[in-house]
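Colleague: Numbering-wise, my numbering puts 260 at position 260 of the sequence shown, and it's gapless, one number per residue.
C-beta: ideal position from N, C-alpha, C; glycine also.
All values reported here derive from a predicted model rather than from experimental measurement.
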Amino acid sequence: MRIILLPFTAALAIACQGQVLLSDSLLQTLSAGELGGQGIPSPQYGVSIHKLVYATTDAFGAATAASGALVLPNAPWCDLPLFAYDHGTVTGRNEVPSRLSYEILVGKYMGSSGFVSVLPDYLGLGDSPGMHPYIHAVTEATATIDMLRAAREYCSVHGIGLNGEVFLAGYSQGGHAAMATHRMIQEQFPDEFNVVASAPCSGPYDCSGVQASVITADESYPAPYYLPYILLAYKDIYPGLPPAMADIFVTPYDTLLPPLFDGTHSSGDIDAVMPDTPNLVVQPALLAAYMSDPDHPFRMALRDNDVYDWAPAAPMRLNYCSGDHHVFYMNSIVARDTMLANGATGVTATDLGPGTEHQSCALPALSDARDWFISLRTPCAVGEAEHGTNGWQVAYDPDGRWTIRSTSRNVGGWWLRDALGRVLEHGTSGSAPTLVVNGAGLPPGKYHLTINEVGGGRTNMPLMRLP
Numbered sequence: 001m002r003i004i005l006l007p008f009t010a011a012l013a014i015a016c017q018g019q020v021l022l023s024d025s026l027l028q029t030l031s032a033g034e035l036g037g038q039g040i041p042s043p044q045y046g047v048s049i050h051k052l053v054y055a056t057t058d059a060f061g062a063a064t065a066a067s068g069a070l071v072l073p074n075a076p077w078c079d080l081p082l083f084a085y086d087h088g089t090v091t092g093r094n095e096v097p098s099r100l101s102y103e104i105l106v107g108k109y110m111g112s113s114g115f116v117s118v119l120p121d122y123l124g125l126g127d128s129p130g131m132h133p134y135i136h137a138v139t140e141a142t143a144t145i146d147m148l149r150a151a152r153e154y155c156s157v158h159g160i161g162l163n164g165e166v167f168l169a170g171y172s173q174g175g176h177a178a179m180a181t182h183r184m185i186q187e188q189f190p191d192e193f194n195v196v197a198s199a200p201c202s203g204p205y206d207c208s209g210v211q212a213s214v215i216t217a218d219e220s221y222p223a224p225y226y227l228p229y230i231l232l233a234y235k236d237i238y239p240g241l242p243p244a245m246a247d248i249f250v251t252p253y254d255t256l257l258p259p260l261f262d263g264t265h266s267s268g269d270i271d272a273v274m275p276d277t278p279n280l281v282v283q284p285a286l287l288a289a290y291m292s293d294p295d296h297p298f299r300m301a302l303r304d305n306d307v308y309d310w311a312p313a314a315p316m317r318l319n320y321c322s323g324d325h326h327v328f329y330m331n332s333i334v335a336r337d338t339m340l341a342n343g344a345t346g347v348t349a350t351d352l353g354p355g356t357e358h359q360s361c362a363l364p365a366l367s368d369a370r371d372w373f374i375s376l377r378t379p380c381a382v383g384e385a386e387h388g389t390n391g392w393q394v395a396y397d398p399d400g401r402w403t404i405r406s407t408s409r410n411v412g413g414w415w416l417r418d419a420l421g422r423v424l425e426h427g428t429s430g431s432a433p434t435l436v437v438n439g440a441g442l443p444p445g446k447y448h449l450t451i452n453e454v455g456g457g458r459t460n461m462p463l464m465r466l467p
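(1) Span of the alpha helix (DSSP H) holding residue 182?
(2) For residue 373, count the other beta carbons within 10 Å of its own beta carbon; 16 or more makes it buried, fewer makes it exposed. Which is it?
(3) How would you write the range of the beta strand (DSSP E) that residue 305 sits in, first residue to last?
(4) Is there at least one non-hydrogen atom of the ligand MN closer than 8 Å to the beta-carbon of residue 408?
(5) Which residue wins for smallest C-alpha separation from residue 196, given the options 369, 440, 432, 402?
(6) Classify residue 453 as buried or exposed, calling it buried when 16 or more other Cβ atoms lie within 10 Å of its own Cβ.
(7) Kindly give me the distance between the Cβ atoms of residue 228 and residue 281, rounded to whole angstroms, as I take these residues to be in contact under 8 Å.
(8) So, helix, strand or coil for residue 461, using DSSP?
(9) Quick check on residue 351: does DSSP put it in helix, strand or coil?
(10) DSSP beta-bridge partners for residue 167?
(11) Taking all protein chains shown into account, do 16 or more other C-beta atoms lie within 10 angstroms of the C-beta of residue 218, making it buried, or fewer, making it exposed?
(12) Drop a sphere of 10 angstroms on the beta-carbon of residue 342, count the other beta-carbons inside from all chains shown, and report buried for 16 or more, exposed for fewer.
(13) Which of the three DSSP states, helix, strand or coil, is assigned to residue 273?
(14) For residue 426, which beta-bridge partners are listed by DSSP?
(15) Suppose you measure from the CA of residue 20 to the CA of residue 68; what does that come to, to the nearest Å?
(16) Let me know the secondary structure DSSP gives residue 103 once reduced to three states.
(17) Where do the ends of the alpha helix (DSSP H) carrying residue 471 lie?
(18) What residues in its chain sit with their C-beta under 8 Å from that of residue 311, if we drop five residues either side in the sequence?
(19) For residue 359, name the three-state secondary structure that DSSP assigns.
(20) From residue 139 to residue 64, what distance separates their C-alpha atoms?
(21) Please classify residue 307 as buried or exposed, where buried requires at least 16 neighbouring CB atoms within 10 angstroms.
(22) If you draw a straight line from the C-alpha of residue 316 to the C-alpha of residue 169, how long is it?
(23) Could you check the C-alpha separation between residue 80 and residue 222 for me, to the nearest Å?
(24) Are at least three pairs of beta-carbons, each pair with one atom in the region 347-356 and one in the region 324-339, less than 8 Å apart?
(25) On the DSSP letters alone, give me the boundaries of the beta strand (DSSP E) that residue 316 sits inside.
(26) Give the range of the beta strand (DSSP E) segment to which residue 69 is assigned.
(27) In chain order, what residues of the same chain lie with their CB nearer than 7 Å to the CB of residue 459, ignoring the 5 residues before and after it?
(28) For residue 123 versus residue 66, is the C-beta spacing smaller than 9 Å?
(29) What does a CB cutoff of less than 6 Å around residue 396 pick up in its chain, not counting 5 residues either side in sequence?
(30) Does the CB of residue 95 have a neighbour CB from chain D at under 9 Å?
(31) Using alpha carbons as the reference points, say which of 98, 323, 319, 325 lies closest to residue 332.
(32) Please confirm whether residue 220 and residue 277 have their CB atoms less than 9 Å apart.
(33) If you reduce the DSSP assignment to three classes, tell me which class residue 382 lands in.
(34) In the DSSP assignment, find the beta strand (DSSP E) that holds residue 336 and state where it starts and stops.
(35) Can you name the start and end residues of the alpha helix (DSSP H) that residue 292 belongs to?
(36) Using beta-carbon positions only, say whether residue 483 and residue 49 come within less than 9 Å of one another.
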């Protein structure tokens, strides 16, 4: 485990200098066979799962830290694409990827398919302090983008090659986060990240329109906790919303609900104390003001977090299920139609289940996204330049040492890995044209050596340890 202990102010200073990664720790290593035993279909690679803690910013631009899971394929012989997955709504601080929550399966699935997978926990969850700013587009995007940066740093330090391609996906709240991330990258960081494609799935993209009908509808809703969650989150971010709980919620919910959003309670715990009709917990005066005023502060906050009114330059696939009663499928239709009207040409929306509800829609939606991403990525080609000597001469002596020489290249950093991709040794060679790797203590078998060459080249070569 590698840890850098820093106060948030120092973390911000370092982030401004380009360093984002604060700590990393190994959580789990799984072979392809073990992944198959967990239900991952046709795993191509084993994976290692790591927790990253990294510097980012909060809703007000102040320095803070966040955590997430990094899933690495054990495929050291070629450069790989980055994939970011944004998870769905949770209220428990530990119901997140870095705690190996259920949605870590997405990281395992994509990692075993050859994607370096990044799964942020978001602000206010995992190791991040404070309350989670629920459905807040800016911090969803910055938490994802800064974790992509942290993952790049980790890969650079550990000799893991990236090919520069980035794929984005998310489900439910994560669909909203993935769309917000794609938009922020296109508008602010187009030269830093090459988004090949994104697949936001079943997300509340039209917060102020389609999804806002939950607020005014006098009828039951399958996840009533969504409404107090977003009210409590926005109260701390946007001016104009009542600061006192008694001005937001009716008795007894003004004292009953806020403590349940402390990160130790599940959504089931919260729904258990709520009526099935969400707006019954809201003060009638607040609800009436919201309904009558098109510029009410809550309405404006929702509008600020709509994420669909732009034109993606990269292809975007919006998967949804029209039987979804949690996140209404018209979010996807409105997003697609608006983006096409804005000039986008690669945006599609696909109904994957007319009779399928929200939870059951996730598997077909994300499986389709994975297959689509595989069709678009640069294949992991194994050729002379990527899995050969690439001009280096390799000599093996009876004592178990490999000597690698070149007449035209110099060694920068190097990493020796076993057949599962685990780093056994690494170091630097002082820009010398010769590298000696001592494998005397290793069991017979196949190993992989990665050399970062002075000047920017990279060579990956197989090494054999003889009996």
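Modeller: A quick look at the data gives this:
(1) Segment 173-188, the alpha helix (DSSP H) holding residue 182.
(2) Residue 373 is classed as buried because its beta carbon has at least 16 other beta carbons within 10 Å across all chains shown.
(3) Element bounds for residue 305: n/a, residue is neither H nor E.
(4) Of the ligands one can find in the structure shown there are none, so the ligand MN has no counterpart to examine.
(5) A check of alpha carbon separations from residue 196 across 369, 440, 432, 402 identifies 369 as the nearest.
(6) By the neighbour-count rule (16 or more Cβ atoms within 10 Å), residue 453 is buried.
(7) About 6 Å; that satisfies the 8 Å criterion.
(8) For residue 461, the secondary structure class from DSSP, reduced to helix, strand or coil, is strand.
(9) Of the three classes helix, strand and coil, the one that applies to residue 351 here is strand, per DSSP.
(10) Among the bridge pairs identified by DSSP, residue 167 is matched with 83, 197.
(11) It counts as exposed.
(12) Burial check for residue 342: the Cβ neighbour count within 10 Å stays below 16, so the residue is exposed.
(13) Three-state result, residue 273: coil.
(14) In the DSSP assignment, residue 426 forms a beta bridge with 415.
(15) Rounded to whole angstroms, residue 20 to residue 68 spans 13 Å at the Cα level.
(16) Residue 103 sits in coil when the DSSP states are folded into three classes, being neither helix nor strand.
(17) The displayed coordinates of the chain run from 1 to 467. Any statement about residue 471 would go beyond what the structure contains.
(18) 339, 342, 343, 344, listed in sequence order.
(19) If DSSP states are grouped into helix, strand and coil, residue 359 belongs with the helices.
(20) Spanning the two alpha carbons is a distance of roughly 11 Å.
(21) Looking at its Cβ environment, which holds 16 or more other Cβ atoms inside 10 Å, residue 307 is buried.
(22) In a straight line, the C-alpha of residue 316 is about 10 Å away from that of residue 169.
(23) In a straight line, the C-alpha of residue 80 is about 40 Å away from that of residue 222.
(24) Touching, yes, given that three or more Cβ pairs across the two stretches are closer than 8 Å.
(25) Per DSSP, residue 316 belongs to the beta strand (DSSP E) from 316-320.
(26) Looking at the DSSP string, the run of the beta strand (DSSP E) that includes residue 69 is 63-73.
(27) Closer than 7 Å at the Cβ level, and outside the excluded window around residue 459, lie 390, 392, 451, 453.
(28) If you check the CB distance, residue 123 and residue 66 come in under 9 Å.
(29) Excluding positions up to five away in sequence, the list reads 402.
(30) Absent from the structure is chain D; it holds one protein chain and no more.
(31) Check the Cα spacing between residue 332 and each of 98, 323, 319, 325: the tightest is with 319.
(32) In this structure, residue 220 sits near residue 277, with a CB-CB distance shorter than 9 Å.
(33) Bear in mind that the predicted position of residue 382 carries a pLDDT of just 42, short of 50, making it unreliable; the figure below should be weighed with that in mind. Secondary structure at residue 382: coil, using DSSP grouped into helix, strand and coil.
(34) Run containing residue 336: none in the beta strand (DSSP E); it sits in the alpha helix (DSSP H), 330-341.
(35) Residue 292 -> alpha helix (DSSP H) spans 284-292.
(36) The chain is shown from 1 up to 467; residue 483 falls before or after that span and cannot be answered.
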